Each structure stands twice: as structure tokens, then as C-alpha cells.
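Written below as C-alpha cells is the structure these notes are about.
2 protein chains.
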Amino acid sequence: MSTNQPKKPSKSERTKAQILEAARELFVQHGYDGASIRDIAARASIDPAMVIRYFHSKDELFARAALFDLRLPETQVTDQASIGDAIIRRFLRIWEGSPTATGMVILLRSAASNEFAAEKVRDVFANQVRPVVAAFGDPADAGRRAGLVASQLLGLATCRYLLRLPPVVALSQDEIIKNVGPVLQRYATGAGEI
Amino acid sequence: MSTNQPKKPSKSERTKAQILEAARELFVQHGYDGASIRDIAARASIDPAMVIRYFHSKDELFARAALFDLRLPETQVTDQASIGDAIIRRFLRIWEGSPTATGMVILLRSAASNEFAAEKVRDVFANQVRPVVAAFGDPADAGRRAGLVASQLLGLATCRYLLRLPPVVALSQDEIIKNVGPVLQRYATGAGEI
DNA sequence: TGAATTTGTCAACAGTCGTTGATATTCGGA
DNA sequence: TCCGAATATCAACGACTGTTGACAAATTCA
Chain A
28 MSTNQPKKPS KSERTKAQIL EAARELFVQH GYDGASIRDI AARASIDPAM VIRYFHSKDE
88 LFARAALFDL RLPETQVTDQ ASIGDAIIRR FLRIWEGSPT ATGMVILLRS AASNEFAAEK
148 VRDVFANQVR PVVAAFGDPA DAGRRAGLVA SQLLGLATCR YLLRLPPVVA LSQDEIIKNV
208 GPVLQRYATG AGEI
Chain B
28 MSTNQPKKPS KSERTKAQIL EAARELFVQH GYDGASIRDI AARASIDPAM VIRYFHSKDE
88 LFARAALFDL RLPETQVTDQ ASIGDAIIRR FLRIWEGSPT ATGMVILLRS AASNEFAAEK
148 VRDVFANQVR PVVAAFGDPA DAGRRAGLVA SQLLGLATCR YLLRLPPVVA LSQDEIIKNV
208 GPVLQRYATG AGEI
């Protein structure tokens with residue numbers, strides 16, 4: 028009676044959550060190929076067959092593990108002068124805050140050798156980065172500017188979360204904001220040479 | 028008598044080269060895990076056992092395939108005002124010129140899920156990017172500045188060669204130089220906020 | 001020519017992978 | 001309490017992996 032779901036209190040809906048958590052952890056560490064269903068099951072202290080029972084295949088499990096909300100309306104920039112600052116702050120909030128971050132790292136780590144993940148990453152930056160950038164400057168030019176912004180953001184993520192390049196890992200959030208913010212500002216608004 | 032090697036004219040040294048070529052192509056497309064020895068052998072029209080015969084394991088084959096010279100003394104920047112320009116031009120010459128480029132793409136694509144490749148990438152940017160950056164500005168600060176430069180360069184490479192993000196692929200070399208050059212200049216010299 | 005060495009072919013090994021079905025265990029409701 | 005349904009276990013499948021050794025063909029050198 029203390030259930031929150033209307034129909035299914037479902038005792039071992041908990042198992043499903045355990046599997047998903049284990050899957051996220053291993054996908055983050057080793058990517059799609061590197062994390063086997065048996066490894067995930069072992070980490071969840073459960074039989075490999077249960078993984079298939081609940082999620083129907085490894086692909087579906089991966090899709091669920093890489094799923095995240097990524098609410099976009101948070102970046103509502105009012106003045107053009109601070110758009111670079113707003114983008115990098117939002118980036119940090121997303122990537123360094125827990126829930127969504129793991130989904131992004133999963134995608135990025137698997138994107139290099141998994142076409143589904145790669146397409147998902149392209150989607151994210153086409154539907155999230157581009158609209159924000161498009162709101163400022165020449166709309167016909169938005170694609171190129173968003174591409175440059177994406178290159179810097181993805182590079183930062185790659186160095187900091189995947190490769191763990193020491194000097195990039197050592198950067199504080201404030202340092203990132205102060206250094207990368209103006210660059211994104213330049214890219215997003217099309218300042219400098221064309 | 029027309030041999031160039033002193034001792035081994037070695038008729039099927041050619042086979043070894045064929046295997047290496049096939050390996051490079053498949054490693055570039057699918058990364059370390061995605062390219063199997065059987066696939067590589069099939070592409071080289073040869074028996075899988077020969078791959079092991081000539082290179083002793085898949086790891087050694089990968090190491091050989093990802094090997095490239097990357098002659099560093101080319102970037103001798105004379106004046107500080109053009110270091111950003113020099114870095115991005117050198118980057119483009121390396122990545123868009125054939126022989127070394129494939130090695131870099133192989134490394135980058137596999138780095139996300141292969142620790143050997145990841146370490147190699149860290150090495151490249153620690154030994155190639157950092158010294159160039161360190162020559163200008165505060166030496167104590169060189170690590171951070173080189174890290175920022177690396178984040179932009181690796182992001183550009185990821186978007187252009189791995190993810191193939193359409194707007195980034197569409198950029199001409201001149202556009203890249205004009206847009207990214209000043210950013211690298213800013214990062215490398217430590218201009219702007221600290 | 002014949003012998004020796006290189007080069008290539010074939011089948012199989014032990015292991016891992018995702019996935020499946022039959023079977024056992026546990027649990028909620030009568 | 002007992003029964004049916006949900007939940008979990010187990011063994012095995014076919015396919016794939018890197019790697020190995022025994023054997024055949026080709027080439028080289030005398």
C-alpha cells in the first residue's frame with residue numbers, strides 16, 4: 028500500500044535496477060564491446076540469463092543504459108555577450124553532475140567503435156548544441172559554428188573523462204569556464220575571421 | 028643484386044606488407060576490438076595463421092599498425108605571434124596527409140576502449156604538443172596550456188575523422204586554420220584570463 | 001637433379017560471446 | 001495450507017575469438 032506505482036509494486040523491479048546500474052558502471056569503464064553480459068551479471072550478483080530476461084538483448088540494455096533526459100530548456104541565454112559562458116557552464120553541470128554524465132560518457136566511449144552510439148552522439152550535438160548556437164548570429168552559418176563548438180566540447184570531454192589526460196583532469200571547473208568560455212563565445216557568435 | 032636490403036631481398040616480405048596494409052585499413056574503420064585477425068587475413072587474401080606467423084600476436088600487429096614516425100622538428104616556430112597558426116597547420120598536415128594520419132586515427136579510435144592505445148595517445152600529446160607549447164610563456168604553466176591545446180586538437184580530430192560530424196567534415200582546411208588557429212594561439216600563450 | 005629452407009594451408013584447441021530453453025525456487029493471494 | 005505465478009538457476013547451443021601445430025607446396029641453393 029506504500030507503493031508509488033499504481034499497478035506494479037513489483038518486488039524485483041529492484042533486480043532490473045541493479046542490472047541497469049551494473050551495466051552503466053561497466054559500460055562507462057570499458058565501453059560496449061568491453062563489457063560482457065556475463066560481467067554485468069556478475070557485478071549485479073545475478074545470473075546472465077536474467078539480464079536477457081529483463082532487457083531483451085545487449086543492444087537494448089545498452090540503449091537503456093545510455094538513455095538520459097538531458098533537459099534542454101535550461102540553457103536560455105538572454106544576452107549574446109554571455110552565450111559562451113552559458114554553454115560551458117551547462118556543459119560542466121551536465122558532465123560533472125552524476126546521472127546524466129554517465130550516459131554521456133557511455134555514449135562517447137562507445138562511439139568510436141559502435142555506430143549506434145556514434146549516431147546518438149551526433150544526434151545530441153545536432154539537437155542540443157546547434158539550436159543554442161543558432162539563436163545567435165547568421166542562421167545560415169549556424170551549422171559551422173555549432174560544429175566548432177562541438178569540437179571543443181567533445182575534445183574537452185574526451186581528454187577529461189575518457190583519456191584522462193592529467194593536465195586536463197587537473198583543471199578546476201572555474202579554470203575551464205575562464206579558459207574555454209571565451210573560445211565558445213568566439214565560435215558561437217562567429218567572431219574573428221570567417 | 029638490385030636489392031636494397033643487404034641480406035634479405037625476401038620474396039614475400041610483400042606478404043607482410045599486405046597484411047599490415049589490410050590491418051591498418053580495418054583498424055581505422057573498426058578499431059582494435061572490431062577488427063579480427065580473420066577479417067584482416069581475408070582482406071589480405073591470406074591464411075589467418077600467416078598473420079600470427081609474421082607478427083606474433085594481435086597486440087604486436089596493432090602496435091606495428093599504429094606505429095608512425097611523426098617527425099617533430101618540423102614545427103620550429105620563430106615568433107610567438109604565429110604559434111597558434113603553426114600548430115594548426117602542422118596538425119592538418121599530419122592528419123590529412125596519408126601515412127601518419129592512419130596511425131593517428133587507429134590510435135584515437137581504439138583509445139576509448141584500449142588502454143595501450145590510450146597511453147599512446149597521452150604519450151603523443153605529452154611529447155609532441157607540450158614541448159611546442161612550453162617554449163612560449165611561463166614554463167610552470169605549460170602543462171595546463173598544452174592540455175587546453177590538446178583538448179581542442181583532439182576534439183577536432185574526433186569530430187572530423189571519427190564521428191564524422193557533418194559540419195566539421197565540411198570545413199575546409201583554410202576555415203579550420205582561420206577559426207581554430209587563434210584559439211590555439213590563445214591557449215598556447217596563456218592569453219586571456221588565468 | 002636432389003636436399004633444405006622458406007612459404008603457405010588446414011584443422012583444431014580452448015576460451016568467450018550473446019542467447020535460449022528446461023528446470024528449480026520463491027512468493028503472493030485463496 | 002496449497003496453488004499458480006513470478007523469479008531465479010543451470011546447462012547448453014552455435015558462433016566467434018586468438019593462437020597453435022602438423023602437414024603440403026613452393027622456392028632456393030648445391
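Respectively, the protein sequence lines represent chains A and B. So the first sequence is numbered by our numbering: it starts at 28 and just counts up by one. So the second sequence is numbered by our numbering: it starts at 28 and just counts up by one. Glycine included, every Cβ here is placed at the ideal spot set by N, Cα and C. All values derive from a computational prediction rather than experimental measurement.
On a CA-only basis, which of the options is nearest residue i? Give me that one, please.
i	options	result
A/Val156	A/Lys85, A/Glu48, A/Ala113	A/Ala113
A/Ala169	A/Ile133, A/Phe143, A/Tyr214	A/Tyr214
A/Ala218	A/Phe95, A/Ser84, A/Ala49, A/Val160	A/Val160
A/Thr290	A/Asp150, A/Arg80, A/Ala145	The structure shown has nothing for residue 290 of chain A, since chain A only spans 28 to 221.
A/Leu94	A/Ile204, A/Asp165, A/Leu134, A/Gly208	A/Leu134
A/Cys225	B/Leu190, B/Val195, B/Leu175, B/Leu192	Not covered by the structure: residue 225 of chain A. The range shown for chain A is 28 to 221.
B/Lys85	B/Phe143, B/Glu40, B/Ile121	B/Phe143
B/Lys205	B/Val148, B/Ala139, B/Ser109, B/Leu88	B/Ser109
B/Gln212	B/Glu202, B/Ala173, B/Gln200, B/Leu190	B/Ala173
Note down, in chain order, each residue of its chain lying with its Cβ closer than 6 Å to the Cβ of residue i, except the 5 sequence neighbours on either side.
i	result
B/Gly58	Arg136, Ser137
A/Leu180	Phe118
B/Arg51	Ala92, Thr129
B/Val132	Val55, Tyr188
A/Ile121	Thr127
A/Gln200	Leu119
To the nearest angstrom, report how far apart residue i and residue j are at their CA atoms.
i	j	result
B/Asp60	B/Arg91	16 Å
A/Phe163	B/Ala197	21 Å
A/Leu47	A/Met77	12 Å
B/Glu40	B/Ala49	14 Å
A/Val151	B/Ser37	52 Å
B/Phe82	B/Gln45	12 Å
B/Leu88	A/Ala139	20 Å
B/Asp141	A/Leu192	The residue asked about is misnamed: residue 141 of chain B is Asn in this sequence, not Asp. Going from the Cα of B/Asn141 to the Cα of A/Leu192 covers about 15 Å.
A/Pro194	A/Asn154	31 Å
A/Ser72	A/Val148	31 Å
A/Asp165	A/Arg171	11 Å
A/Asp106	B/Asp106	37 Å
A/Leu190	B/Glu146	8 Å
B/Ala167	A/Thr216	33 Å
Beta-carbon within less than 7 Å of residue i's beta-carbon, same chain only, minus the 5 sequence neighbours each way: which residues are those?
i	result
B/Leu53	Ala62, Asp66, Ile67, Arg70
B/Pro75	Ile64, Arg65, Ala68
B/Val207	Ile115, Gln179, Leu183
A/Ala177	Phe152, Val156
Can you find the residues in the same chain that come closer than 8 Å, C-beta to C-beta, to residue i, ignoring five residues on each side of it along the sequence?
i	result
A/Pro209	Gly111
A/Ile203	Ile115, Leu119, Leu183
A/Glu123	Gln200
inquiry  = Along the region 154-166 of chain A, where does the CB come closer than 9 Å to a CB of chain B? Name the residues.
reply    = Using a CB distance below 9 Å, the part of the region 154-166 of chain A facing chain B consists of Arg157, ordered along the chain.
inquiry  = Please identify, using Cβ separations under 9 Å, the residues of the region 39-65 of chain A that lie next to chain B, in order along the chain.
reply    = His57, Gly58, Tyr59, Asp60, Gly61
task = Report the residues of the region 192-204 of chain A with a CB closer than 8 Å to any CB of chain B, ordered along the chain.
result = Cβ contacts with chain B come from Leu192, Pro193, Pro194, Val195, Ala197, Leu198, Glu202.
key: Contacting positions in the region 111-129 of chain A - beta carbon closer than 8 Å to chain B   = Going along the region 111-129 of chain A in chain order, one finds no residue with a Cβ nearer than 8 Å to chain B.
query = Just by C-beta distance, which residues in the region 167-178 of chain A are closer than 7 Å to chain B?
reply = Gly170, Arg171, Ala173, Gly174, Leu175, Ala177, Ser178
inquiry  = What are the residues in the region 138-149 of chain B lying within 8 Å of chain A by C-beta distance?
reply    = Ala138, Ala139, Ser140, Ala145, Val148, Arg149
query = Which runs of the alpha helix (DSSP H), 4 residues or longer, sit entirely within the region 84-161 of chain B?
reply = 85-92, 110-123, 125-138, 142-151, 157-161
query = In chain order, what residues of the region 204-219 of chain B put their CB closer than 8 Å to some CB of chain A?
reply = Lys205, Asn206, Val207, Pro209, Val210, Arg213, Tyr214, Gly219
ask   = Any residues in the region 65-82 of chain A with a beta carbon nearer than 9 Å to a beta carbon of chain B? Which ones, in chain order?
value = none
request  = Give, in chain order, every unbroken run of the alpha helix (DSSP H) that is at least 4 residues long and sits entirely within the region 160-184 of chain B.
outcome  = 169-184
ask   = For the region 83-95 of chain A, which residues have a CB atom closer than 7 Å to at least one CB atom of chain B, in sequence order?
value = Across the region 83-95 of chain A, no CB contact with chain B closer than 7 Å is found for any residue.
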